[in-house]
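Worksheet: the structure to be examined is printed underneath.
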Amino acid sequence: MKYLLIALAFMQMHFLLLSQKKNNNKNNKIEILISTFLGNEKRNYYGNEAPDKLKLIWKTYLGQGVSPAYGKEKVWKGAGWTGQPVLVRENGKLFLIQPSFDYNLKKIEAETGKIIWEYRFDDILKGSPTIWYNKNAEKAENAYVIIQGSRFGYWNDHNDKYIPSLRGISYLTGKELWRLNSKKTDCYSRDVDGSALVINDTAYLALENGIFTVWNPDPVKQKMLDGKMQPEVYQEIIYYNDEDIQRHGNDLVSESSPTFLNNHIYTLSGTGKIYGYNFLTKKNDWEFFIGTDMNGSAPATDDGCLLIPVEKQYEPGPGGVMKIDPSKSPDKCVVWYYPTPIKKWYHWEGGIIGSVSCNDAYVENNQEHFAVFLDVSGKLTVVDHQKTEKNKMVLAPDSISRYPTPKLIAQVQIPGTISTPIIVNDKIIAGTDNGLYLYQLVKIKKNKYELKLLDKVDNLEIDATPIVWNKKVYIAVRDGYMYCFGNE
Numbered sequence: 002m003k004y005l006l007i008a009l010a011f012m013q014m015h016f017l018l019l020s021q022k023k024n025n026n027k028n029n030k031i032e033i034l035i036s037t038f039l040g041n042e043k044r045n046y047y048g049n050e051a052p053d054k055l056k057l058i059w060k061t062y063l064g065q066g067v068s069p070a071y072g073k074e075k076v077w078k079g080a081g082w083t084g085q086p087v088l089v090r091e092n093g094k095l096f097l098i099q100p101s102f103d104y105n106l107k108k109i110e111a112e113t114g115k116i117i118w119e120y121r122f123d124d125i126l127k128g129s130p131t132i133w134y135n136k137n138a139e140k141a142e143n144a145y146v147i148i149q150g151s152r153f154g155y156w157n158d159h160n161d162k163y164i165p166s167l168r169g170i171s172y173l174t175g176k177e178l179w180r181l182n183s184k185k186t187d188c189y190s191r192d193v194d195g196s197a198l199v200i201n202d203t204a205y206l207a208l209e210n211g212i213f214t215v216w217n218p219d220p221v222k223q224k225m226l227d228g229k230m231q232p233e234v235y236q237e238i239i240y241y242n243d244e245d246i247q248r249h250g251n252d253l254v255s256e257s258s259p260t261f262l263n264n265h266i267y268t269l270s271g272t273g274k275i276y277g278y279n280f281l282t283k284k285n286d287w288e289f290f291i292g293t294d295m296n297g298s299a300p301a302t303d304d305g306c307l308l309i310p311v312e313k314q315y316e317p318g319p320g321g322v323m324k325i326d327p328s329k330s331p332d333k334c335v336v337w338y339y340p341t342p343i344k345k346w347y348h349w350e351g352g353i354i355g356s357v358s359c360n361d362a363y364v365e366n367n368q369e370h371f372a373v374f375l376d377v378s379g380k381l382t383v384v385d386h387q388k389t390e391k392n393k394m395v396l397a398p399d400s401i402s403r404y405p406t407p408k409l410i411a412q413v414q415i416p417g418t419i420s421t422p423i424i425v426n427d428k429i430i431a432g433t434d435n436g437l438y439l440y441q442l443v444k445i446k447k448n449k450y451e452l453k454l455l456d457k458v459d460n461l462e463i464d465a466t467p468i469v470w471n472k473k474v475y476i477a478v479r480d481g482y483m484y485c486f487g488n489e
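Note that our numbering numbers the sequence shown so that position 329 is 330, with each residue one more than the last.
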């Protein structure tokens, strides 16, 4: 009887603790506002409301780290490409999750810039995080998982069997939940720059080694793999072939963040291809060849298309932006092409290194559908992505094909960049190599617009992508700091 009473007491205590954990998890009210790079699974949401001014509200020092670049040791400060934070509302307060060049992922209080926790990787963080709600989590620390990549590791050897440059971090504690190996392939890189998609509790991302990986991000579902406990990998598909190696050598990287559209997951590759993975059949069933390197990600539009940033590399023609309709066969999928100047900037020959933005998530009452992009030469361009210029065809990257071109809405010359400008309603925020610019797209008469400069902050070197929320802009800068700008 004595032992029975003791056992019952332990059981009662166990259920009480479980109840407390569940209640604590419920009491900790969390809402994910911006979940991944460029906002959502369509890569077309950048925040709720942009400011009218860029008054400094706070700045926080992110730090610096050492990592090789072009054969030399380099000190990297702050954060850079893609470097966009995600945004969470926790118990009524806003928090940013920001990757940085000091090897750390940081949780930052959005109102003050106060750093809440840091998690250290083996190298600088160039990509943007994805945060996922794990509805099956039994522990509060496993309920919100941040998926973040990094460079392969400053002290690691490229030939090492195990390079864990993709990791899962607890949002609540800042502690590590899992590590995933970026395997050695024919590609020169074992970094992870892209931001994962998580759909129905399964994660999807082409790592920079060229392997499209499908895995279970739940920390309790890990298995032994390559001699290490890692997330369970469901599927791996190599996103290059022998012909790609002949064309591009070992430059076979996949830096793009995948886009979910019409039951397909589309990934842009440095091999010059766009791959369409069928979410239902678990196979690639669509592929389109452009030929140039493509580093950026492709936002989905309301009319079922993708806006493709095209770098000027490997092909004789110009870089620029291409709109494609992947519901059509590859030989008929190009809707239009907008070429950008062939102008060398640092080691880039031209085109778009960042991504394209569009206003489709904000359009109401038959408003125009705009796409916004900024090429390395510094031309900030707005086009109507649902209209084309009459009787005008332009040269494609291959210098052979010709395509229609979209209707130009407005354009202005500012400094060059690899950052992605964002559009929120009628406001455009663009980070450049020498400042942050805030424009308003103003309609001056029928079918005629201009970009009105509302404010700018000079002498900021920006490679990262900003977000906006409640009339504030949050942006990481190459001077070592993260900034919050806004109306007041």
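Backbone N, C-alpha and C fix where the C-beta goes; we use that ideal spot for every residue, glycine too.
This one's a predicted model, so the numbers in the text were calculated from it and none came from an experiment.
For residue i, count neighbouring C-beta atoms within 10 Å of its own C-beta (all shown protein chains included) and say buried if the count is 16 or more, exposed if not.
i	result
K274	buried
M14	Low local confidence applies: a pLDDT of 39 at M14 is under 50, so the model's placement there is unreliable, with the coordinate-based value given in what follows. Answer is exposed; the Cβ neighbour count stays below 16.
R403	exposed
M230	exposed
M483	buried
A144	buried
D161	exposed
A70	exposed
T549	Residue 549 lies beyond the residue range present for the chain, which begins at 2 and ends at 489; the question has no answer from this structure.
H386	buried
I401	exposed
From residue i to residue j, what does the alpha carbon distance come to, in whole angstroms?
i	j	result
N285	K472	41 Å
A138	D304	37 Å
K222	Y235	12 Å
T382	Y338	13 Å
W156	D376	34 Å
K107	R121	9 Å
P317	I353	15 Å
K73	S166	21 Å
K444	M295	33 Å
V469	N360	14 Å
C249	G487	The sequence shown places His at residue 249, rather than the Cys named in the question. H249 and G487: Cα-Cα distance of roughly 44 Å.
G84	S151	11 Å
S358	L307	11 Å
K23	S171	Only weak support is given to the placement of K23: the predicted model assigns it a pLDDT of 41, under 50, and the value that follows is read from those uncertain coordinates. Looking at the two C-alpha atoms, the distance is approximately 17 Å.
F371	K380	16 Å
L439	A51	9 Å
L34	P86	11 Å
V322	V395	12 Å
P100	G79	9 Å
K127	E365	34 Å
Residue i by DSSP, collapsed to three states: which one?
i	result
Q231	strand
I31	strand
Q99	strand
R248	helix
V425	strand
N279	strand
P467	coil
N25	Bear in mind that a pLDDT of 43 at N25, under 50, signals an unreliable position, so the number given afterwards is only what the model happens to contain. The answer is helix: DSSP assigns N25 an H, G or I state.
K78	strand
V357	coil
D286	strand
K222	helix
K274	strand
K54	coil
K43	coil
In this structure, what does DSSP give as the bridge partners for residue i?
i	result
Y62	Y482
Y71	In the DSSP output, where bridge partners are listed per residue, Y71 has none listed.
K107	Q99, E119
L262	H265
P310	V322
S171	V146
F371	D385
K408	D385
Can a CB atom of chain B be found closer than 9 Å to the CB of residue i?
i	result
D303	Here chain B cannot be found, since the structure has a single protein chain.
Taking 8 Å as the cut-off, does the CB of residue i come closer than this to any heavy atom belonging to the ligand HEM?
i	result
V413	What this structure holds is no ligand at all, so the ligand HEM is not there to describe.
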